[in-house]
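S.K.:
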Amino acid sequence: MYVEIRFASHPQDVKQYDTDRLRKQFMIETVFVPGEIRHVYSHVERFVIGGAVPLQEPLRLETDKSAIGVDYFLQRREIGIINVGPAGYVTVDGTEYELGTKDGLYVGMGNKDVTFRSADPSNPARFYMLSTTAHTSYPTAKVGIEQAEPVHLGSLAQSNERTIYKYFHAQGVQTCQLVMGMTLLKPNNMWNTMPSHTHNRRAEVYFYFDMPDDGVVFHLMGEPTETRHLVVRNEQAIISPTWSIHSGVGTSNYTFIWGMGGENLDYTDMDPVPMKELK
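Numbering (the numbering used here), first residue to last: 33 to 311.
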(Lines of atoms letter the chains of each structure in order from A; the text may use other names.)
(Lines give C-alpha, C1' and ligand atoms only; values in the text may rest on other atoms or scores of the structure.)
Protein backbone atom coordinates (compact mmCIF):
# COMPACT_ATOMS: atom_id res chain seq x y z
CA MET A 33 0.00 0.00 0.00
CA TYR A 34 1.34 3.41 -1.02
CA VAL A 35 0.86 6.35 1.39
CA GLU A 36 1.70 9.99 0.66
CA ILE A 37 1.68 12.54 3.50
CA ARG A 38 0.45 16.10 2.95
CA PHE A 39 0.70 18.94 5.46
CA ALA A 40 -1.80 21.72 6.10
CA SER A 41 -1.28 25.31 4.90
CA HIS A 42 -2.28 28.83 5.96
CA PRO A 43 -4.49 30.90 3.61
CA GLN A 44 -2.00 33.79 3.74
CA ASP A 45 0.70 31.47 2.43
CA VAL A 46 -1.53 30.01 -0.28
CA LYS A 47 -1.88 33.48 -1.82
CA GLN A 48 1.75 33.13 -2.95
CA TYR A 49 1.43 29.66 -4.52
CA ASP A 50 1.89 29.17 -8.24
CA THR A 51 -0.11 26.57 -10.18
CA ASP A 52 2.37 23.76 -9.57
CA ARG A 53 2.45 24.38 -5.81
CA LEU A 54 -1.36 24.57 -5.65
CA ARG A 55 -1.65 21.22 -7.39
CA LYS A 56 0.93 19.54 -5.18
CA GLN A 57 -0.74 20.87 -2.03
CA PHE A 58 -4.42 20.34 -2.78
CA MET A 59 -4.89 18.01 -5.77
CA ILE A 60 -4.60 14.23 -5.79
CA GLU A 61 -3.82 13.50 -9.42
CA THR A 62 -3.65 9.70 -9.13
CA VAL A 63 -6.30 8.05 -6.98
CA PHE A 64 -6.47 4.67 -8.73
CA VAL A 65 -3.65 2.32 -9.76
CA PRO A 66 -4.61 -1.16 -11.01
CA GLY A 67 -3.72 -3.86 -8.50
CA GLU A 68 -2.94 -1.40 -5.69
CA ILE A 69 -4.33 0.59 -2.80
CA ARG A 70 -3.08 4.19 -2.77
CA HIS A 71 -3.66 6.61 0.09
CA VAL A 72 -2.97 10.28 0.75
CA TYR A 73 -2.77 11.17 4.44
CA SER A 74 -3.70 14.83 4.82
CA HIS A 75 -3.13 16.92 7.93
CA VAL A 76 -6.29 18.78 6.87
CA GLU A 77 -8.76 17.11 9.28
CA ARG A 78 -6.39 14.09 9.23
CA PHE A 79 -8.24 12.73 6.22
CA VAL A 80 -7.03 9.59 4.51
CA ILE A 81 -8.13 9.69 0.85
CA GLY A 82 -7.57 6.76 -1.44
CA GLY A 83 -8.56 4.21 -4.00
CA ALA A 84 -8.38 0.44 -4.46
CA VAL A 85 -8.46 -1.42 -7.80
CA PRO A 86 -8.28 -5.17 -7.09
CA LEU A 87 -7.31 -7.42 -10.01
CA GLN A 88 -6.72 -11.17 -9.69
CA GLU A 89 -5.87 -10.99 -5.99
CA PRO A 90 -7.89 -9.24 -3.28
CA LEU A 91 -6.39 -6.12 -1.72
CA ARG A 92 -6.18 -5.73 2.06
CA LEU A 93 -6.61 -2.40 3.85
CA GLU A 94 -3.38 -2.07 5.80
CA THR A 95 -1.91 0.59 8.05
CA ASP A 96 1.24 2.64 7.72
CA LYS A 97 2.64 3.31 11.18
CA SER A 98 4.71 6.26 9.95
CA ALA A 99 1.48 8.06 9.00
CA ILE A 100 -1.23 6.70 11.30
CA GLY A 101 0.68 5.14 14.19
CA VAL A 102 -1.74 2.31 15.05
CA ASP A 103 -1.72 -1.47 14.78
CA TYR A 104 -4.48 -1.68 12.15
CA PHE A 105 -6.10 0.90 9.90
CA LEU A 106 -9.47 1.23 11.64
CA GLN A 107 -8.17 1.03 15.21
CA ARG A 108 -8.93 4.76 15.67
CA ARG A 109 -10.69 5.52 12.39
CA GLU A 110 -13.88 5.09 10.37
CA ILE A 111 -14.12 4.88 6.59
CA GLY A 112 -16.60 5.48 3.80
CA ILE A 113 -16.23 3.48 0.58
CA ILE A 114 -18.05 4.12 -2.71
CA ASN A 115 -17.54 1.94 -5.77
CA VAL A 116 -17.29 4.06 -8.92
CA GLY A 117 -16.52 1.12 -11.20
CA PRO A 118 -18.02 -2.29 -12.05
CA ALA A 119 -19.27 -4.62 -9.33
CA GLY A 120 -17.02 -5.65 -6.51
CA TYR A 121 -16.97 -6.93 -2.94
CA VAL A 122 -15.73 -5.56 0.37
CA THR A 123 -15.22 -8.06 3.19
CA VAL A 124 -15.25 -6.67 6.75
CA ASP A 125 -14.11 -9.07 9.47
CA GLY A 126 -15.50 -12.04 7.56
CA THR A 127 -18.76 -10.47 6.30
CA GLU A 128 -18.88 -9.82 2.57
CA TYR A 129 -20.78 -6.89 1.03
CA GLU A 130 -21.45 -6.61 -2.70
CA LEU A 131 -21.13 -3.09 -4.07
CA GLY A 132 -22.46 -2.28 -7.51
CA THR A 133 -21.66 0.93 -9.33
CA LYS A 134 -22.21 3.95 -7.04
CA ASP A 135 -23.05 1.77 -4.01
CA GLY A 136 -21.50 2.79 -0.70
CA LEU A 137 -20.32 1.09 2.48
CA TYR A 138 -19.61 2.64 5.88
CA VAL A 139 -17.16 0.73 8.09
CA GLY A 140 -16.82 1.78 11.71
CA MET A 141 -13.90 1.95 14.11
CA GLY A 142 -12.49 -1.32 15.45
CA ASN A 143 -12.91 -3.55 12.40
CA LYS A 144 -9.57 -5.24 11.82
CA ASP A 145 -9.74 -7.03 8.48
CA VAL A 146 -11.03 -5.18 5.39
CA THR A 147 -10.39 -6.56 1.91
CA PHE A 148 -11.46 -5.57 -1.59
CA ARG A 149 -12.03 -7.77 -4.61
CA SER A 150 -13.55 -7.40 -8.06
CA ALA A 151 -16.42 -9.50 -9.38
CA ASP A 152 -14.58 -9.61 -12.74
CA PRO A 153 -10.82 -8.95 -12.44
CA SER A 154 -10.65 -8.20 -16.16
CA ASN A 155 -13.14 -5.36 -15.56
CA PRO A 156 -12.22 -4.38 -12.01
CA ALA A 157 -14.13 -2.45 -9.40
CA ARG A 158 -12.83 0.99 -8.42
CA PHE A 159 -13.30 1.63 -4.72
CA TYR A 160 -12.94 5.27 -3.68
CA MET A 161 -12.49 5.73 0.07
CA LEU A 162 -12.39 8.55 2.60
CA SER A 163 -11.45 8.02 6.24
CA THR A 164 -11.62 10.26 9.30
CA THR A 165 -10.57 9.77 12.90
CA ALA A 166 -13.16 8.26 15.24
CA HIS A 167 -13.77 7.81 18.97
CA THR A 168 -16.76 5.43 18.95
CA SER A 169 -17.59 2.33 16.95
CA TYR A 170 -20.75 2.35 14.82
CA PRO A 171 -22.10 -0.60 12.81
CA THR A 172 -20.98 -1.35 9.28
CA ALA A 173 -23.76 -0.37 6.86
CA LYS A 174 -24.25 -0.63 3.12
CA VAL A 175 -26.07 2.17 1.30
CA GLY A 176 -26.96 1.46 -2.32
CA ILE A 177 -27.44 4.37 -4.70
CA GLU A 178 -31.17 3.63 -4.64
CA GLN A 179 -31.17 3.94 -0.82
CA ALA A 180 -29.20 7.17 -0.58
CA GLU A 181 -31.33 10.20 0.30
CA PRO A 182 -31.80 12.33 -2.87
CA VAL A 183 -32.03 16.13 -2.86
CA HIS A 184 -32.85 17.85 -6.16
CA LEU A 185 -31.37 21.33 -6.56
CA GLY A 186 -30.57 23.96 -9.16
CA SER A 187 -32.01 24.76 -12.56
CA LEU A 188 -31.10 24.47 -16.22
CA ALA A 189 -31.25 28.27 -16.45
CA GLN A 190 -28.34 28.43 -13.98
CA SER A 191 -26.54 25.42 -15.51
CA ASN A 192 -26.58 23.61 -12.16
CA GLU A 193 -29.53 21.21 -12.18
CA ARG A 194 -28.32 18.32 -10.04
CA THR A 195 -29.22 15.57 -7.59
CA ILE A 196 -27.34 15.27 -4.31
CA TYR A 197 -27.33 11.77 -2.81
CA LYS A 198 -26.57 11.61 0.92
CA TYR A 199 -24.98 8.28 1.91
CA PHE A 200 -23.58 8.73 5.42
CA HIS A 201 -25.10 11.63 7.36
CA ALA A 202 -26.81 12.61 10.61
CA GLN A 203 -30.29 11.51 9.52
CA GLY A 204 -29.02 8.28 7.94
CA VAL A 205 -26.13 5.93 8.66
CA GLN A 206 -24.64 6.89 12.02
CA THR A 207 -20.96 7.93 12.07
CA CYS A 208 -18.56 9.73 14.39
CA GLN A 209 -17.67 12.64 12.11
CA LEU A 210 -17.73 11.41 8.51
CA VAL A 211 -20.39 12.91 6.22
CA MET A 212 -20.32 11.61 2.67
CA GLY A 213 -22.37 11.59 -0.50
CA MET A 214 -22.45 12.09 -4.24
CA THR A 215 -23.65 14.81 -6.60
CA LEU A 216 -24.78 14.00 -10.15
CA LEU A 217 -25.16 16.88 -12.58
CA LYS A 218 -27.79 16.42 -15.26
CA PRO A 219 -26.83 16.70 -18.95
CA ASN A 220 -26.20 20.28 -20.13
CA ASN A 221 -25.42 21.39 -16.57
CA MET A 222 -21.87 22.27 -15.56
CA TRP A 223 -21.75 24.27 -12.29
CA ASN A 224 -21.49 22.82 -8.79
CA THR A 225 -21.76 24.53 -5.39
CA MET A 226 -22.43 27.98 -6.81
CA PRO A 227 -23.22 30.30 -5.08
CA SER A 228 -20.28 29.09 -3.07
CA HIS A 229 -19.75 28.71 0.65
CA THR A 230 -17.17 27.92 3.30
CA HIS A 231 -17.55 26.08 6.61
CA ASN A 232 -14.88 26.80 9.18
CA ARG A 233 -16.10 23.91 11.29
CA ARG A 234 -15.50 21.24 8.65
CA ALA A 235 -13.03 20.44 5.89
CA GLU A 236 -14.05 18.65 2.68
CA VAL A 237 -12.72 16.48 -0.13
CA TYR A 238 -14.12 16.38 -3.68
CA PHE A 239 -13.51 13.42 -6.01
CA TYR A 240 -14.52 14.05 -9.63
CA PHE A 241 -15.42 11.24 -12.02
CA ASP A 242 -17.71 10.19 -14.90
CA MET A 243 -15.91 12.71 -17.09
CA PRO A 244 -14.92 12.21 -20.74
CA ASP A 245 -11.23 11.78 -21.57
CA ASP A 246 -11.01 15.29 -22.99
CA GLY A 247 -13.20 16.87 -20.29
CA VAL A 248 -12.04 19.05 -17.40
CA VAL A 249 -13.53 20.78 -14.38
CA PHE A 250 -12.22 24.17 -13.31
CA HIS A 251 -12.34 23.75 -9.53
CA LEU A 252 -12.46 27.08 -7.70
CA MET A 253 -10.75 27.30 -4.31
CA GLY A 254 -9.26 29.84 -1.93
CA GLU A 255 -10.68 32.48 0.35
CA PRO A 256 -13.75 34.17 -1.17
CA THR A 257 -11.79 37.34 -1.93
CA GLU A 258 -8.64 35.48 -3.09
CA THR A 259 -9.91 32.74 -5.38
CA ARG A 260 -7.71 30.40 -7.40
CA HIS A 261 -8.53 27.54 -9.73
CA LEU A 262 -7.29 24.01 -10.39
CA VAL A 263 -7.88 22.14 -13.64
CA VAL A 264 -9.20 18.70 -12.66
CA ARG A 265 -9.55 15.64 -14.88
CA ASN A 266 -11.40 12.36 -14.52
CA GLU A 267 -10.87 10.47 -11.25
CA GLN A 268 -8.88 13.18 -9.51
CA ALA A 269 -9.54 14.62 -6.06
CA ILE A 270 -9.26 18.00 -4.34
CA ILE A 271 -8.58 18.61 -0.64
CA SER A 272 -10.57 21.66 0.50
CA PRO A 273 -9.50 23.22 3.83
CA THR A 274 -12.02 24.91 6.08
CA TRP A 275 -11.28 28.45 4.88
CA SER A 276 -11.67 27.66 1.17
CA ILE A 277 -14.62 27.78 -1.18
CA HIS A 278 -15.12 24.63 -3.27
CA SER A 279 -17.04 25.24 -6.46
CA GLY A 280 -16.46 24.25 -10.05
CA VAL A 281 -17.55 24.37 -13.65
CA GLY A 282 -16.95 21.66 -16.23
CA THR A 283 -16.72 21.40 -19.98
CA SER A 284 -19.68 18.99 -19.68
CA ASN A 285 -21.72 17.43 -16.89
CA TYR A 286 -19.89 15.18 -14.41
CA THR A 287 -20.28 13.47 -11.03
CA PHE A 288 -18.39 14.03 -7.80
CA ILE A 289 -18.20 12.44 -4.37
CA TRP A 290 -18.02 14.86 -1.47
CA GLY A 291 -16.90 13.98 2.01
CA MET A 292 -16.53 16.06 5.16
CA GLY A 293 -15.10 15.76 8.64
CA GLY A 294 -15.03 18.19 11.53
CA GLU A 295 -16.92 19.59 14.47
CA ASN A 296 -20.41 18.37 13.60
CA LEU A 297 -22.53 16.19 11.30
CA ASP A 298 -24.88 18.96 10.13
CA TYR A 299 -24.93 18.85 6.33
CA THR A 300 -26.48 22.33 6.19
CA ASP A 301 -23.79 23.95 8.37
CA MET A 302 -22.19 26.34 5.90
CA ASP A 303 -21.38 30.03 5.53
CA PRO A 304 -22.80 31.27 2.20
CA VAL A 305 -20.69 33.67 0.15
CA PRO A 306 -22.74 36.33 -1.70
CA MET A 307 -21.85 36.45 -5.38
CA LYS A 308 -20.93 40.15 -5.12
CA GLU A 309 -18.17 39.32 -2.60
CA LEU A 310 -16.29 36.84 -4.81
CA LYS A 311 -13.00 38.05 -6.22
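Note that CB positions come from ideal geometry on N, CA and C, so glycine has one too.
Is the closest heavy atom of the ligand ADP to the C-beta of P156 under 8 Å?
M.R.: The model on display carries no ligand, and the ligand ADP is accordingly not part of it.
S.K.: Please return the same chain residues whose Cβ sits closer than 8 Å to the Cβ of T300, not counting the five positions on each side in sequence.
M.R.: Taking the first residue of the sequence shown as 1, we reach residue 300 at position 268. Hits under 8 Å: none found.
S.K.: Per DSSP, T147 forms a beta bridge with which residues?
M.R.: Residue 147 sits at position 115 when you count from the first residue of the sequence shown. Answer is R92 and T123.
S.K.: Given this structure, state the Cα-to-Cα distance separating N143 from D125, to the nearest angstrom.
M.R.: Position 111 of the sequence shown, counted from the start, is the residue given in the question as residue 143. Position 93 of the sequence shown, counted from the start, is the residue given in the question as residue 125. The alpha-carbon atoms of N143 and D125 are separated by roughly 6 Å.
S.K.: Ignoring anything shorter than 3 residues or poking outside the region 64-118, list the beta strand (DSSP E) runs there in chain order.
M.R.: With a minimum length of 3 residues, the continuous beta strand (DSSP E) runs that stay inside the region 64-118 are 69-74, 80-84 and 109-115.
S.K.: Output the residue ranges of the beta strand (DSSP E) runs that lie fully inside the region 180-212 and measure 3 residues or longer, sorted by chain position.
M.R.: You should have 181-185 and 194-200.
S.K.: Roughly how many angstroms lie between the CA atoms of V46 and W275, to the nearest whole one?
M.R.: Here residue 46 refers to the residue found at position 14 of the sequence shown. Here residue 275 refers to the residue found at position 243 of the sequence shown. So the alpha carbons of these two residues sit roughly 11 Å apart.
S.K.: Sort Y121, S154, H167 and F39 by Cα distance to R109 and report the nearest one.
M.R.: Counting from one through the sequence shown, the residue named residue 109 turns up at place 77. Per the Cα distances, H167.
S.K.: List the endpoints of the continuous beta strand (DSSP E) containing R53.
M.R.: For this step, residue 53 is matched to residue 21 along the sequence shown. Segment T51 to F58 is the alpha helix (DSSP H) holding R53; no beta strand (DSSP E) there.
S.K.: Compute the Euclidean distance between the alpha carbons of V65 and S154, then round it to the nearest angstrom.
M.R.: Within the sequence shown, residue 65 is the residue found at index 33, counting from 1. Within the sequence shown, residue 154 is the residue found at index 122, counting from 1. Going from the Cα of V65 to the Cα of S154 covers about 14 Å.
S.K.: Would G117 pass as a contact of P90 if the rule is Cβ separation under 9 Å?
M.R.: Taking the sequence shown and counting its residues from 1, one reaches residue 117 at position 85. Taking the sequence shown and counting its residues from 1, one reaches residue 90 at position 58. The answer is no: Cβ separation not under 9 Å.
S.K.: Do you know whose CA, among V205, G204 and I196, lies nearest G186's CA?
M.R.: Start at 1 with the first residue of the sequence shown, and residue 186 comes out as number 154. Ranking V205, G204 and I196 by Cα distance to G186 puts I196 first.
S.K.: Have a look at K198 and P43 and give me their C-alpha separation to the nearest angstrom.
M.R.: Numbered from its first residue, the sequence shown carries residue 198 at position 166. Numbered from its first residue, the sequence shown carries residue 43 at position 11. The straight-line gap from Cα to Cα measures roughly 29 Å.
S.K.: Using the beta-carbon count (16 or more within 10 Å), is Q268 buried or exposed?
M.R.: As a first step, residue 268 is located in the sequence shown; it is residue number 236 there, counting from the start. Flag for Q268 reads buried.
S.K.: With DSSP as the reference, please indicate the residues paired to K134 in a beta bridge.
M.R.: For the purposes of this step, residue 134 is taken as the residue at position 102 of the sequence shown. None, per the DSSP bridge assignment.
S.K.: Determine, using beta carbons only, whether T164 and R265 come nearer to each other than 9 Å.
M.R.: Translated into positions along the sequence shown, residue 164 becomes position 132. Translated into positions along the sequence shown, residue 265 becomes position 233. No; because the gap between Cβ atoms is not below 9 Å, this pair is not in contact.
S.K.: Are the beta-carbon atoms belonging to I111 and H75 less than 9 Å from one another?
M.R.: On the sequence shown, position 79 is the one that residue 111 refers to. On the sequence shown, position 43 is the one that residue 75 refers to. Not in contact: I111 and H75 (Cβ atoms no closer than 9 Å).
S.K.: In its own chain, which residues sit with a C-beta less than 6 Å from the C-beta of Y34, not counting the 5 before and 5 after it?
M.R.: Reading the sequence shown from its first residue, position 2 is the one you call residue 34. Cβ neighbours of Y34 beyond the five flanking positions: R70.
S.K.: Cα separation between Q209 and P306?
M.R.: Mapped onto the sequence shown, residue 209 falls at position 177. Mapped onto the sequence shown, residue 306 falls at position 274. In a straight line, the C-alpha of Q209 is about 28 Å away from that of P306.
S.K.: Give me the residue from G294, S284 and V249 with the minimum Cα distance to T230.
M.R.: Against the sequence shown, residue 230 aligns to sequence position 198. Looking at the Cα atoms, G294 is the closest of the given residues.
S.K.: Touch check for the region 130-137 and the region 168-185: three-plus C-beta pairs under 8 Å?
M.R.: Yes: at least three Cβ pairs fall under 8 Å.
S.K.: Between the alpha carbons of S284 and D103, how many angstroms are there, rounded?
M.R.: As a working mapping, residue 284 is identified with position 252 in the sequence shown. As a working mapping, residue 103 is identified with position 71 in the sequence shown. Rounded to the nearest angstrom, the two C-alpha atoms are 44 Å apart.
S.K.: Our contact map puts A84 next to F148 with C-beta atoms below 8 Å; I'd like the distance itself, whole angstroms only.
M.R.: The residue you call residue 84 lines up with position 52 of the sequence shown. The residue you call residue 148 lines up with position 116 of the sequence shown. Yes, they are in contact, since the Cβ atoms of A84 and F148 sit about 4 Å apart, within 8 Å.
S.K.: From W223 to S41, what does the alpha carbon distance come to, in whole angstroms?
M.R.: Numbered from 1 along the sequence shown, position 191 holds the residue referred to as residue 223. Numbered from 1 along the sequence shown, position 9 holds the residue referred to as residue 41. Distance between the alpha carbons of W223 and S41: 27 Å.
S.K.: Report the rounded CA-to-CA distance for M302 versus G140, giving the unit in angstroms.
M.R.: Working through the sequence shown from its first residue, we reach residue 302 at position 270. Working through the sequence shown from its first residue, we reach residue 140 at position 108. Looking at the two C-alpha atoms, the distance is approximately 26 Å.
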